[in-house]
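2 protein chains.
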Amino acid sequence: MTSIPELIQRLAVVTQAESRQLAGSAGLQPVHVDVLRYLARCNRYSNTPAAIGQFLGSTKGTVSQSVKVLEREKLVSKLSDAKDGRVVRLRLLKKGRDLLSRIDSESPMQAAIGNLGPDAQSTLADGLTTLLRNAQRLNASKTFGVCKTCCHFRRLGGNEFQCGVTGEPLSVDDSTRICVEHESRPASVAGD
Amino acid sequence: MTSIPELIQRLAVVTQAESRQLAGSAGLQPVHVDVLRYLARCNRYSNTPAAIGQFLGSTKGTVSQSVKVLEREKLVSKLSDAKDGRVVRLRLLKKGRDLLSRIDSESPMQAAIGNLGPDAQSTLADGLTTLLRNAQRLNASKTFGVCKTCCHFRRLGGNEFQCGVTGEPLSVDDSTRICVEHESRPASVAGD
DNA sequence: TCATTAAGTTTCGAGTCGATACTATATGAT
DNA sequence: ATCATATAGTATCGACTCGAAACTTAATGA
Numbered sequence: 249m250t251s252i253p254e255l256i257q258r259l260a261v262v263t264q265a266e267s268r269q270l271a272g273s274a275g276l277q278p279v280h281v282d283v284l285r286y287l288a289r290c291n292r293y294s295n296t297p298a299a300i301g302q303f304l305g306s307t308k309g310t311v312s313q314s315v316k317v318l319e320r321e322k323l324v325s326k327l328s329d330a331k332d333g334r335v336v337r338l339r340l341l342k343k344g345r346d347l348l349s350r351i352d353s354e355s356p357m358q359a360a361i362g363n364l365g366p367d368a369q370s371t372l373a374d375g376l377t378t379l380l381r382n383a384q385r386l387n388a389s390k391t392f393g394v395c396k397t398c399c400h401f402r403r404l405g406g407n408e409f410q411c412g413v414t415g416e417p418l419s420v421d422d423s424t425r426i427c428v429e430h431e432s433r434p435a436s437v438a439g440d
Numbered sequence: 249m250t251s252i253p254e255l256i257q258r259l260a261v262v263t264q265a266e267s268r269q270l271a272g273s274a275g276l277q278p279v280h281v282d283v284l285r286y287l288a289r290c291n292r293y294s295n296t297p298a299a300i301g302q303f304l305g306s307t308k309g310t311v312s313q314s315v316k317v318l319e320r321e322k323l324v325s326k327l328s329d330a331k332d333g334r335v336v337r338l339r340l341l342k343k344g345r346d347l348l349s350r351i352d353s354e355s356p357m358q359a360a361i362g363n364l365g366p367d368a369q370s371t372l373a374d375g376l377t378t379l380l381r382n383a384q385r386l387n388a389s390k391t392f393g394v395c396k397t398c399c400h401f402r403r404l405g406g407n408e409f410q411c412g413v414t415g416e417p418l419s420v421d422d423s424t425r426i427c428v429e430h431e432s433r434p435a436s437v438a439g440d
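Top to bottom, those sequences are chains A and B. Sequential numbering from 249 applies to the first sequence in the working numbering. Sequential numbering from 249 applies to the second sequence in the working numbering.
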């Protein structure tokens, strides 16, 4: 019986090694793939270098460098925000999207999860979720959840939603995307 | 409900950020701590640069560099093997051991796991173990388990054990240490 | 004895990463 | 309106990782 920290570390090593290999086959570093994956999952408020830095736990300097590489490789494009001239908006280009799906389809880790059986998957997901929430709370790090699970998420009725922070309407698709502004709802249904 | 790969990735980011901070406070990189932790857990057959490389999924060149740093910082010492002049044996020095325990005691992730409750912990450990085994099998990577769970582990009777590969006797302590030569036993008790 | 293999080291180039200094745009208090 | 301050991002530096390749030394085997 191995301890949980050791298991997580092992899993992280395997994941990292796999990521290095898959990213390397495209001439990239693991972080670059992490950035692409984030951009594929985040909502329209969260596609900025600053948000990436918070999501990946790195500084703006590092993010700036990484983005430069991705831009050079035509995987991502920059455009500056219309309202605030300081902020840069990042767009995942087709080449980036294709790269991501290729990588995901070749990932043995993904396959390993698929081999797990639905029950095992859902209990594992539950355990990991609680652990992650705990760790994030103790580390005082952002939760970065999906819109739907945020305390500012308002259901207007039917398939109409609204963000309590910006007041903007949200589509069904919006509601499943990752947001920087995400705040967990005070544990309602989730097991403790 | 977030997907398992995403949960693992989030957990890895939090762990990595935490590790960077804790390692950084000692003037080290995360990898250095990983090496120290491995040396604290491995058995007498497995304290070589080559084994570290396999355990951490990096090349011998990289390991050589990292070990050089650890040696410079007096956290680890080298001595060459008596039987085989090519192999280097690494010893974790007191300063290294102390650093490790300080880091572990300050880790919010450790605390988060502690907050989990015994039942949640054991089901989580089970899920992670199966997932890890699957991933390792698919990645054709070494399992690196503890002696006790190896297919070459022989129980002689009482507290006397033996390694089927080297033929050497193993103590109780030996049997709980990580080994490079580890091979999983063909799934006997472990749940699928 | 000589080729081959294995364990480590060294060096190189691209890149991460934290730190720091910097630019440019927004915001807020007087 | 002005000026201090905060925020988003960029640029540069030094220590380090990492893969690759060349190299050294020691073991192994035909």
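Glycine is no exception: its CB is placed at the ideal position from the N, C-alpha and C atoms. Quantities reported herein were computed from a predicted structural model and do not represent experimental measurements.
### Ser-355(B) versus Ser-294(B), Ser-419(B), Ile-252(B) and Val-281(B), residue with shortest Cα-Cα distance
Val-281(B)
### Message
Does Gly-393(B) come out as helix, strand or coil in the three-state DSSP assignment?
### Response
coil
### Query
Helix, strand or coil for Val-413(A) per DSSP?
coil
### Query
Between which two residues does the alpha helix (DSSP H) harbouring Val-283(B) extend?
278–289
#### Entry: Cα-Cα separation between Leu-327(B) and Leu-380(A), rounded to whole angstroms
41 Å
### Task
Could you work out which residues of chain B lie near Ala-298(A), taking near to mean beta carbons separated by less than 7 Å?
By Cβ distance, chain B contributes nothing, its closest Cβ being about 16 Å from Ala-298(A), past 7 Å.
### Message
Three or more C-beta pairs under 8 Å: does that hold for the region 283–297 of chain B against the region 337–354 of chain A?
### Response
no
#### Entry: Stretch pair the region 414–424 of chain B + the region 388–402 of chain A: three plus CB contacts closer than 8 Å
no
### Query
Should the region 266–273 of chain B be called in touch with the region 316–325 of chain B, which here means at least 3 C-beta pairs below 8 Å?
no
#### Entry: Proximal residues to Ala-435(B) (C-beta, below 6 Å), its chain only, five neighbours per side dropped
Any reading at Ala-435(B) must be qualified, since the residue scores a pLDDT of 44, below 50, and its modelled position is unreliable; no value is offered.
### Message
Please give me, in chain order, every unbroken run of the beta strand (DSSP E) with length at least 3 that falls completely inside the region 254–335 of chain B.
### Response
324–328
### Query
Can a CB atom of chain A be found closer than 8 Å to the CB of Ala-330(B)?
no
#### Entry: Buried or exposed (CB count within 10 angstroms, at least 16 for buried), Asn-407(A)
exposed
### Query
So, helix, strand or coil for Gly-405(A), using DSSP?
strand
### Message
Please tell me whether Ala-360(B) and Ala-383(A) are closer than 8 Å, where the distance is taken between their beta carbons.
### Response
yes
### Contacts around Ile-351(A), its chain only, beta-carbon distance under 7 Å, and the 5 residues preceding and following it disregarded
Leu-270 and Val-281
### Boundaries (first-last residue) of the alpha helix (DSSP H) holding Arg-345(A)
342–354
### Task
Look up Arg-337(B) in the DSSP assignment and say whether it is helix, strand or coil.
strand
### Buried or exposed (CB count within 10 angstroms, at least 16 for buried), Thr-397(A)
buried
### Under 7 Å from the C-beta of Pro-366(A): neighbouring residues of chain B
The premise fails here: Pro-366(A) is roughly 12 Å from chain B at the closest Cβ pair, so nothing lies under 7 Å.
### Query
What three-state label does DSSP hand Leu-386(B) in the structure shown?
helix
### Task
Report yes if the C-beta distance between Ala-373(B) and Ile-252(A) is below 8 Å; otherwise report no.
yes
#### Entry: Residue-chain proximity (Leu-304(B), chain A), Cβ-Cβ < 8 Å
yes
#### Entry: Simplified DSSP assignment, three categories, for Leu-418(A)
strand
### Query
Sorted by chain position, which residues of the same chain lie with C-beta nearer than 6 Å to Thr-424(B)'s C-beta, five sequence neighbours on each side aside?
Val-394
### Residue from Tyr-293(A), Lys-308(A) and Gly-375(A) whose Cα sits closest to the Cα of Asp-332(A)
Tyr-293(A)
### Task
Using a Cβ-Cβ cut-off of 8 Å, state whether Pro-417(B) counts as contacting chain A.
no
### Query
Which same chain residues, not among the five before or five after Gly-439(A), have their C-beta less than 7 Å away from its C-beta?
With a pLDDT of 30 at Gly-439(A), under the threshold of 50, the modelled position of this residue cannot be trusted, and the question is left open.
### Message
Strictly below 7 Å CB to CB, what residues from chain A border Gly-375(B)?
### Response
Ala-368, Thr-371, Leu-372 and Gly-375
### Message
Assuming contact is defined by CB atoms lying nearer than 8 Å, are Ser-314(A) and Val-261(A) in contact in what I supplied?
### Response
no
### Query
At a Cβ threshold of 8 Å, is Arg-258(B) touching chain A?
yes
### Query
Is the CB of Asn-382(B) under 8 Å away from at least one CB in chain A?
yes
### Message
Between Ala-359(B) and chain A, is any beta-carbon pair separated by less than 8 Å?
### Response
yes
### Query
Is Leu-276(A) near Leu-348(A), with beta carbons less than 8 Å apart?
no
### Query
By a C-beta neighbour count over all protein chains shown, 10 Å radius and 16 as the cutoff for buried, is Val-311(B) buried or exposed?
buried
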